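Numbering-wise (the numbering used here), the sequence shown opens with residue 673 and increments by one. Beta carbons: idealized from backbone N, C-alpha and C, even for Gly. This one's a predicted model, so the numbers in the text were calculated from it and none came from an experiment. Taking it in order: structure first as structure tokens, then the write-up.
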Amino acid sequence: MVVLHDFSEVLGGASHLVQVLIGQLRARGIPVTFIAGDTGTHFTREDVAFVPLGGKDLLARSRPGALALGLHNPVTLRSVREWIAMYDTPGTIYHLHGWSKVLSPSVFAALKPVARRLVLHAHDYFNACPNGGFFDYREERDCELKPLSRVCLVRRCDKNSQAQKLWRVGREALRRHWLDGVSNAARMLLIHPGQARLFQQGDGPKTGFMPFAIR
């Protein structure tokens with residue numbers, strides 16, 4: 673199993689679940705490679721093949737750097753492609769968690785050859801909705817629009833600015849391009865079954881959703 677996530681340390685709920693998942697996989701004797709977008713300074717597990725990519729959160733970068741690397745991270749693309757070329761097998765499963773803060777849509781370009789063995793984890797809605805929430809932050813209400821539709825493009829829903837909304841639209845368009853669709857992967861793991869309706873609202877698959885539980 674190859675687990676991919678922006679961060680190697682626990683910085684929030686998603687990162688916590690990543691660490692719990694890795695622990696549960698190893699407890700079952702399943703080999704794990706963990707590819708993380710950051711430097712991995714605080715990752716200490718010795719029973720995991722760890723691949724830190726040396727990046728940092730977009731919020732810690734200059735505005736020009738964040739704008740560019742948030743759309744395309746060449747280190748992510750090169751490193752993940754190289755790992756796949758060297759170590760991939762027909763039975764290798766890839767489990768992608770968070771990508772929006774370090775890895776960028778470039779991770780989908782790298783994973784495209786193994787998309788049918790790719791599992792997406794729905795910690796948020798960035799695998800369908802540009803602002804990641806299916807929520808209009810200006811109006812403070814749920815959004816029922818189809819992501820990237822004409823009405824979506826002009827809706828001022830981003831919590832910060834319309835400029836950031838348009839940047840996020842570009843990022844989502846890149847993600848879909850590299851994945852050949854909204855969520856063209858083997859499976860999507862949901863934190864809650866109610867998420868399925870929103871991903872389907874965003875042209876996600878009608879099937880292939882699975883509830884995620886740690887046991």
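query, result
"Within the region 765-797, ranges of the beta strand (DSSP E) (whole runs, at least 3 residues)", "766-768, 790-794"
"Assigned secondary structure, Met-860 (DSSP; H/G/I helix, E/B strand, else coil)", "strand"
"Residue(s) in a DSSP beta bridge with Val-675", "Phe-706, His-767"
"Cα-Cα separation, Asp-875 to Ala-781", "20 Å"
"Backbone CA spacing between Asp-890 and Glu-812 [nearest angstrom]", "This structure leaves residue 890 out entirely; the chain is present only between 673 and 887."
"Same chain only: Cβ atoms within 7 Å of Arg-810, ignoring 5 sequence neighbours per side", "Arg-828, Cys-829"
"Cα-Cα separation between Val-674 and Val-791, rounded to whole angstroms", "10 Å"
"Range covered by the alpha helix (DSSP H) that runs through Val-692", "685-699"
"Beta-carbon contacts of Phe-871 that lie in its chain and below 6 Å, excluding the five residues immediately before and after", "Ala-800"
"Which residues DSSP lists as bridging Val-841, in chain order", "The partner list for Val-841 (beta bridge, DSSP) is empty, contrary to what the question assumes."
"Within 8 Å, strictly: CB atoms of Ile-694 and Phe-679", "no"
"Three-state class that DSSP yields for Arg-887 in the structure shown", "Only weak support exists for where Arg-887 lies, its pLDDT of 38 falling under 50; the value from the coordinates is given anyway. Note: Arg-887 maps to coil in three-state DSSP."
"Supposed contact pair Gly-737 and Asp-710 - C-beta distance, whole angstroms, cut 8 Å", "Actually they do not touch by this definition, with Cβ atoms about 15 Å apart."
"Any non-hydrogen atom of the ligand MG within 7 Å of Thr-705 CB", "You won't find the ligand MG in this model; it holds no ligand whatsoever."
"Thr-748, buried or exposed, once every other Cβ within 10 Å from all chains shown has been counted against 16", "buried"
"With 16 other Cβ atoms within 10 Å as the buried cut-off, status of Met-860", "buried"
"Through-space distance from Thr-713 to Glu-681, alpha-carbon basis", "8 Å"
"C-beta contact flag for Ala-769 and His-795 at 8 Å", "First, the residue type needs correcting, since residue 769 is His and not Ala in the sequence shown. Against a cut-off of 8 Å, the Cβ pair of His-795 and His-769 comes out as a contact."
"Val-841 beta carbon less than 8 Å from that of Leu-825", "yes"
"Cβ-based burial, His-677 [other Cβ within 10 Å; buried from 16]", "buried"
"Reduced DSSP category for Pro-802 - H, G, I as helix; E, B as strand; rest coil", "coil"
"Distance, Leu-697 Cα to Ser-734 Cα", "37 Å"
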